[in-house]
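Convert by adding 282 to the 1-based position in the sequence shown; the result is the number in our numbering.
Ideal placement from N, C-alpha and C gives every residue a C-beta, glycine not left out.
What you are looking at is a predicted structure, and each value in this text was computed from that prediction instead of being measured.
Written out below as structure tokens is the structure these notes cover.
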Amino acid sequence: MAATWSIVDLGTESYRDAWARQLALVEARQKGEAPDTLLVVEHEHVFTLGRRRESENNVLEAGDVEVIGIERGGDVTYHGPGQVVCYPIVLLEDGERDLHRYLRNLEEAVIATCTAFGLAADREPGKTGVWMTTSLGRKKLCSMGIACRKWVTFHGLALNVTTDLAYFRRINPCGFESSVMTSMADQLGTIDVAQVKRVLATELGRVLDRVAAA
Numbered sequence: 283m284a285a286t287w288s289i290v291d292l293g294t295e296s297y298r299d300a301w302a303r304q305l306a307l308v309e310a311r312q313k314g315e316a317p318d319t320l321l322v323v324e325h326e327h328v329f330t331l332g333r334r335r336e337s338e339n340n341v342l343e344a345g346d347v348e349v350i351g352i353e354r355g356g357d358v359t360y361h362g363p364g365q366v367v368c369y370p371i372v373l374l375e376d377g378e379r380d381l382h383r384y385l386r387n388l389e390e391a392v393i394a395t396c397t398a399f400g401l402a403a404d405r406e407p408g409k410t411g412v413w414m415t416t417s418l419g420r421k422k423l424c425s426m427g428i429a430c431r432k433w434v435t436f437h438g439l440a441l442n443v444t445t446d447l448a449y450f451r452r453i454n455p456c457g458f459e460s461s462v463m464t465s466m467a468d469q470l471g472t473i474d475v476a477q478v479k480r481v482l483a484t485e486l487g488r489v490l491d492r493v494a495a496a
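Below, the structure written as structure tokens:
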């Protein structure tokens, strides 16, 4: 039987505020004082550095965009308007405690979401995230980086929907050249961010075996 979770659409919220919200939920979930929760959000412009040691070296010219070091895995990435960011705060039960499988599940949810909008997305062997083949070669649609404390997950994924890809030129996103990044809108044209949010939340519930609380 699927567990229940709470889905919270934060609209647009600063990265620091959403980060603090995640940390509070992780602590509450560990104590059994909060349910599993999916936070869905768009951030103001920000670059975040993961735990990878060389991530700071991949910030080329931040300019007026804040750079924040955090505890998730991975390298530097960009968050901003038009990007759907999902943070599953989930207590992994005994049969779920495989973080590699958890990441593959997140990828599967994004791939299914892209499929629902007529976009053929897939995985890149040996690399976390969701990719696709274009006329200009392999492109990355979605970046991922997670953390886990006492089997409660946090951080998550960032799917480029109508994202301004120019901001990626200020960094080497996840260690790649900025030209590797694409967005759903870049491939499909006009697309509704709110609709992508709804589909992605549904697909995350499916792959993580969580249903929205009534």
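Check, Outcome
"Specify, as a first and last residue, the run of the beta strand (DSSP E) that L292 falls within.", "285-294"
"Please list, in chain order, all residues of the same chain as R333 whose beta carbon is under 6 Å from its beta carbon, the five residues on each side excluded.", "G355"
"In terms of residues, what are the limits of the alpha helix (DSSP H) holding D468?", "466-470"
"Flag this pair as yes or no: are the beta carbons of A300 and I453 separated by less than 9 Å?", "no"
"Looking at V366: is its Cβ nearer than 9 Å to the Cβ of L441?", "yes"
"If you check the beta carbons only, do E390 and T410 fall under 9 Å apart?", "no"
"State yes or no: is the C-beta of C424 within less than 9 Å of the C-beta of L381?", "no"
"Quick check: the segment 368-379 against the segment 317-328, are there 3 or more CB pairs under 8 Å?", "yes"
"Pick out whichever of L490, A495, A494 has its Cα sitting closest to the Cα of G377.", "L490"
"Would you mind sorting T464 into buried or exposed? The rule is 16 or more other CB atoms within 10 Å of its CB.", "buried"
"At what residues does the beta strand (DSSP E) containing Y449 begin and finish?", "No beta strand (DSSP E) contains Y449, which DSSP labels as neither H nor E."
"Can you give me the start and stop residues for the beta strand (DSSP E) that K313 sits inside?", "Here K313 belongs to no beta strand (DSSP E), and DSSP marks it neither H nor E."
"Under a Cβ-count criterion, where at least 16 other Cβ atoms within 10 Å of its own Cβ denotes burial, should S507 be classed as buried or exposed?", "The first residue shown for the chain is 283 and the last is 496, placing residue 507 beyond what the model contains."
"What does DSSP give as the partner residues of F329 in its beta bridges?", "V349, Y360"
"Taking the alpha carbon of G364 as the reference point, which residue from A496, V443, L331 has its own alpha carbon closest?", "V443"
"When you compare only the Cα positions, how much space is there between R492 and H327?", "30 Å"
"Can the beta-carbon of V358 be found less than 9 Å from the beta-carbon of G457?", "yes"
"Taking C-alpha atoms, which residue in Q477, E336, V412, F450 lies nearest to L385?", "V412"
"Taking the alpha-carbon of E459 as reference, which of M466, K313, Y449 has the nearest alpha-carbon?", "Y449"
"When the distance is taken between beta carbons, is T395 closer than 9 Å to V528?", "In the structure displayed, the chain extends from 283 to 496; residue 528 sits before or after that span and is not available."
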